[in-house]
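Numbered per this note's numbering, the sequence shown spans residues 111 to 437. Reviewing the structure listed below.
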Amino acid sequence: MLGVVAIHLAARVPADSPWQGASQVVDHLGRFGVPLFLAVLGWGAAQPDHRRPVASLGWLGARLWAVLPAYLVWALLYAVLAPWDGDALPGSWQPGAGLGERLWRTAAGYSAEQLWYMPAYLTLLPLVAAVAALPRRVAAGVAGAAVLGMLVLVGQVEAVVAADTTPPPLAGWILRSEGRLPLPWLGFVAAGALLARVPLAAGPRWLQGLRLAVGMAGHALIAQRAPSSPRFDDFWCSLAMPGSLLAFLLWAPVLLAWLAERRPGAWLTTVGRNSLAMYLSHVLFLRLGWAIGAPLGLGPGLAIAALATAAGCAVYLPVHRRLFPQA
């Protein structure tokens, strides 16, 4: 969740700013966030202690009821506020002409920059339930194939983007959907499910220290990747995206295990448990803070936007629990 917030703060840095290089590194450092959200879905689905079997309409209905109403309310709110939001990112909301197109684009997550992958998430829920109904070994094989397929598919998309050629049908479908369809995200869900029984922070201290150093160094190296596309930052559709998640999973569990019994660990747990509310609402508060701070300069603008995001989310969390108690 904090990585996603960092991405949206970094997006406020203008392309011609001297800070642009640093902002792109911050953006790329945070790009593990969406794959991790989806890996956590697979990780949670693979746990044996669910109140409802994952391969059931009860589990699927509970997940949809926990996420879908809140998502649609916030997507509609952003669409309504968009005409008054002069500081939104350029091109973030182009509602279309007719009412039907406006409603479709709102439901598809076009009304705010953080909502884009939610249609993929919602589509993945029934796929997870369907795979969970298979025998365990078959489900594990499907998950393994999904991970390998994701790597092959993303590698193909990256090669097409770098060559700046007309993409073949599948790669073109992924690019045109802008990540709103389940491919290639299914591979991240599958990776999370396969890791469900793996103790990510286990091992002797020297091994944990090595993982921490290698993971952090790899993450920093991946974050400095220059876009290979002449038209856009293609990090999300390149092998850098699964690479950033792998690097994060090397270092973060070690650090979080150390923080678990300390105050920062409790604070991070609170952020994680309220991540849906923060994910949906944080861009609204960030935009308000940016509108106030940007006239003072880039540095004050980013600082005020960050403070407004933290304060706004803290105020909204109890409201969210009352409005959407099932979440």
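Every residue gets a Cβ at the ideal spot worked out from N, C-alpha and C, and that includes glycine. Remember, it's a predicted structure, so these values are computed and weren't measured experimentally.
In this structure G131 is exposed. Its beta-carbon is surrounded by fewer than 16 other beta-carbon atoms within 10 angstroms. Shown here, S385 sits in a helix according to DSSP, grouped into three states. Scanning its chain for C-beta atoms nearer than 8 Å, with the 5 sequence neighbours on each side dropped, one finds around E211 the residues P205, in chain order. Sequence-distant partners of A172 (beyond 5 residues in either direction) whose C-beta falls short of 8 Å from its own C-beta, in its chain, are R162, Q436. The Cβ atoms of V267 and A250 lie no closer than 7 Å to each other.
Rounded to the nearest whole angstrom, the CA to CA distance from A312 to Q334 is 29 Å.
Nearest to G319 by C-alpha distance, out of L331, S338, W361, P309, is W361. A straight-line Cα-Cα distance of about 33 Å links P229 and D126. Cβ neighbours of V299 within its own chain (closer than 6 Å, five residues either side excluded): L148, L151, G152, L234. Per the Cβ contact rule, the region 384 to 399 is in contact with the region 417 to 436 (3 or more Cβ pairs under 8 Å).
Pairwise C-beta distances place the region 361 to 373 in contact with the region 325 to 341, as three or more of them are shorter than 8 Å. When the Cα atoms are used, C423 and A416 turn out to be separated by approximately 11 Å. With contacts defined by Cβ atoms closer than 7 Å, G154 and G113 do not form a contacting pair. Within a 10 Å sphere around the beta-carbon of G399 sit 16 or more other beta-carbons, which makes this residue buried. In this chain, the alpha helix (DSSP H) harbouring E268 covers 246 to 273.
Shown here for V136: same chain residues with a beta carbon closer than 7 Å to its own, the five before and five after excluded, namely A116, A120 in chain order. For P179, the uninterrupted alpha helix (DSSP H) run begins and ends at 167 to 191, by DSSP. For E288, no alpha helix (DSSP H) run applies, since DSSP gives it neither H nor E.
Annotation: the continuous alpha helix (DSSP H) that includes M351 extends over 350 to 369.
A255 and W295 have their C-alpha atoms roughly 13 Å apart. Close CB contacts of P337 within its chain, under the 6 Å cut and outside five residues either way in sequence, are with D343, D344 (chain order). By the criterion of at least three beta-carbon pairs nearer than 8 Å, the region 344 to 357 is not in contact with the region 369 to 382.
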